[in-house]
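In the working numbering, the protein residues as written are 14 to 888. For glycine and all other residues, C-beta sits at the position ideal for the given N, C-alpha and C. Note sheet for the following structure.
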């Protein structure tokens, strides 16, 4: 379930008095303070009419009425109307510009409304502009500033608070905290006699408590909530008093004291009803949290009642608070689910998915790569729970259902498949398209800014890979990178379109399948205890078929079962279990679907532990055959690729071969971590000979020439073959930065010339990390061969796949990658590569040639350890 934490905006309206509008604005402000927003709107509109009727419009009265209207409509949830008033306020205040409070106030107003609309890019734009303008005023320190110090400081705080909200909406909660927490002691020092009565100070206390709750730091949350409660009362600050009750309820909820939580939420509900706060999101969140608490104590009717009531109030407004809306939908779907009301639960879950995908479609247009990762992570909770729900509601295991009668809805497979197509590979896959458009179809200014973006990425990589670098320096580099990236979005349609998400449905995939073919999406569920399998064949015209695989016998698929598979491979022991554990249910279901048709080709999009298994090495205990003997398996990043024609083709016969680097380049002291790979030189010679025989232009680089710089200089050859040491550091970062892109992609890479004497402070240090590989220009590259140990490994990112060299080279633009899943035998690798190129250059398809090469290698090396180390993945 999801507790709802809501942030406050310091947005009390101030009246500026003048003639007839004077009384109307005073009354409007008083009505706003009493939370009578409809009356505020009525009075402010009368003020506008009064002002417009005058021969000479009073500018300050006009702006005051617009601002009152903007904040009132925002409080009612009518965000589009609010935006219209704030836009008028902004444009009018800018006509005379700089030397006015109204001019400066226009920036936080615009930032807040765009945050409310969940348009974080626009909010960030007005935040940056506002900070620039307010700092100019403060730095000038003139009479205008000195006569309005408190008001200027209030505007600065409101801008930073709105910026923190933007960060939190992206999933960067720690950044939100660091933005506003230093303001608390600063305010207390600057205004010692009055800070407790300053509304922007009170707002910061609530928001900090909410942010700390979000990261489960309950002590800090309770500290700020307590400070907030101590400075508000029910007469002067009704919204904040409501929040103080709600915040204490949230604390009790988090520590498992449901009775006290419900009591406080009920007090908040009654107070909100008595004070006519039903239009406020704070009140709606109280109802949603009440529903959540009743859900926790299994009083489902009460839970559904309050959740529905909250949802109804939210729908009465023209716009929703995205966080509140999604959390309410999820909790309501869960309430229906736990009551066994599966039809109703499915409807609500689908509403939730629709809202999330809308948010993704908008937000991925502008977020930088790390922000995309953080934003997606905040949505992953819902995706995982929907997958688990689909498994339950499918009816495969009636005993886990909540209904008294068996329920089965296999049509959920359509929504699950579509959602998978929409979201998988979303974070990095846009990069290749964006890069191609920028380099080939852009103006000079765009290309120059893009190159600056690449350089900033290099600079950040150098800092994160070095020792003795201050956190401030890293944060400054991250800010520089984000600034350039966001600027690219503003000026470059090519860059912007690279982040757009194309919708593809399961039906589009199904239409691509020919007789004898099938497509499979494997989806991790139940925290890795099992996997849902979605299957398409020419016969599945109504919906994707769905089956499942679960851990069994006290052994987990991602632990004991996988250890058995891995040890069987490593120690070359006959594997009698893994075929049944990982494959038999899939192939059995496909057989039922296809009837008399023979399955010849299977497209597989893996997830979770399946990224670490070579399906071809699984041996059928009944027939003694391996999967490679039974059919042709194509591994894809996503089955969505079956609908995509390659945007680029490379008819030039060009190849770059790099291998046997001089890991130690001179006689100076060196840490011999990486030892020579003499066999790779012979591998390069054989591959080069085969390619040259087919009239390829081959660029061979070995020894001292096998450098990181050489790889950076590569410009989309048809083939890249890298024969060297690979590495993968199997560790996860902690805290909010878990699974952000930089952290993930620094954990794997390739060793090159000079690596044993590398200096992490310089760019060319003999290590090509996956993060750096994303920057390569491989848009027209057909194949990258990573002929090194464990180049297919990386950190698993839920819903996105494995983040390592494979993901990085795909992001750089290549279409296919051959990579290894375990440490490889030198001699067997040489033979496999020779066989593959030989078969491929004879005119066979790449997948067919690779399969033939593995079959050929089995004649000399019959154990899967030798012939099954490498896999071919396509993008």
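- A Cβ-Cβ contact shorter than 8 Å links residue 345 with residue 324.
- Unbroken beta strand (DSSP E) runs of no fewer than 3 residues, entirely contained in the region 544-593, are found at 558-563, following chain order.
- Within the model, the alpha-carbon separation for residue 135 versus residue 679 is close to 54 Å.
- For the alpha helix (DSSP H) assignment, the uninterrupted runs of no fewer than 4 residues enclosed by the region 407-447 are, from N- to C-terminal side, 425-436.
- Under the three-state reduction of DSSP, residue 305 is assigned to helix.
- By the beta-carbon neighbour count (other beta carbons within 10 angstroms, threshold 16), residue 588 is buried.
- The bridge partners DSSP lists for residue 817 are 807.
- If you look at residue 531, you'll find it in the beta strand (DSSP E) that goes 530-538.
- Apart from the 5 residues on each side of it in sequence, residue 771 sits with its Cβ closer than 7 Å to the Cβ of 778, 779, 780 in its chain, given in chain order.
- In this structure the region 571-589 does not lie against the region 600-619, because fewer than three pairs of beta carbons, one per stretch, are closer than 8 Å.
- The DSSP assignment places no complete run of the beta strand (DSSP E) inside the region 140-189 (cut-off: 3 residues).
- For the options 106, 518, 791, the alpha carbon positioned closest to that of residue 728 is the one of 791.
- Its chain contains 668, 701, 704, 705 as the residues whose beta carbon lies nearer than 6 Å to that of residue 711, once the 5 sequence neighbours on both sides are disregarded; these appear in chain order.
- For residue 214, the enclosing alpha helix (DSSP H) starts and ends at 212-227.
- For residue 761, there is no enclosing alpha helix (DSSP H); the residue is found in the beta strand (DSSP E) stretching over 761-764.
- If one requires a minimum length of 3 residues, no beta strand (DSSP E) run lies completely within the region 27-96.
- Taking a C-beta distance under 8 Å as the contact criterion, residue 582 and residue 877 qualify as a contact pair.
- Distances from the CA of residue 626 to each of 600, 654, 596 were compared; the closest alpha carbon is that of 596.
- One thing to note: residue 606 has its Cβ within 8 Å of the Cβ of residue 558.
- Distances from the CA of residue 192 to each of 89, 144, 725, 653 were compared; the closest alpha carbon is that of 144.
- Here the alpha carbon of residue 53 sits roughly 50 Å from the alpha carbon of residue 456.
- Taking C-beta atoms under 8 Å as the contact rule, residue 179 and residue 140 qualify, at a distance of about 7 Å.
- Residue 690 sits in coil when the DSSP states are folded into three classes, being neither helix nor strand.
- Remark: C-beta atoms of residue 252 and residue 194 do not approach each other more closely than 8 Å.
- According to the DSSP assignment, residue 670 belongs to the beta strand (DSSP E) that extends over 667-674.
- When secondary structure is reduced to three states using DSSP, residue 716 falls in the strand class.
- Relative to the Cα of residue 842, the nearest Cα in the group 854, 824, 880 belongs to 880.
- DSSP, read as helix, strand or coil, puts residue 647 in strand.
- If you draw a 10 Å sphere on the C-beta of residue 121, you find 16 or more other C-beta atoms in it, and that means buried.
- Along the region 806-883, the alpha helix (DSSP H) occurs as fully enclosed runs of 4 or more residues at 818-825, 839-854, 859-873, 877-880, listed in sequence order.
- In the structure shown, the three-state DSSP call for residue 734 is strand.
- Annotation: residue 491 to residue 501 spans about 15 Å, alpha carbon to alpha carbon.
- Ranked by Cα distance from residue 718, the first of 393, 673, 467, 657 is 673.
- Spanning the alpha carbons of residue 875 and residue 133 requires a straight line of approximately 57 Å.
- Straight-line spacing of the CA atoms in residue 649 and residue 632 works out to 22 Å.
- It is roughly 30 Å from the alpha-carbon of residue 689 to the alpha-carbon of residue 828.
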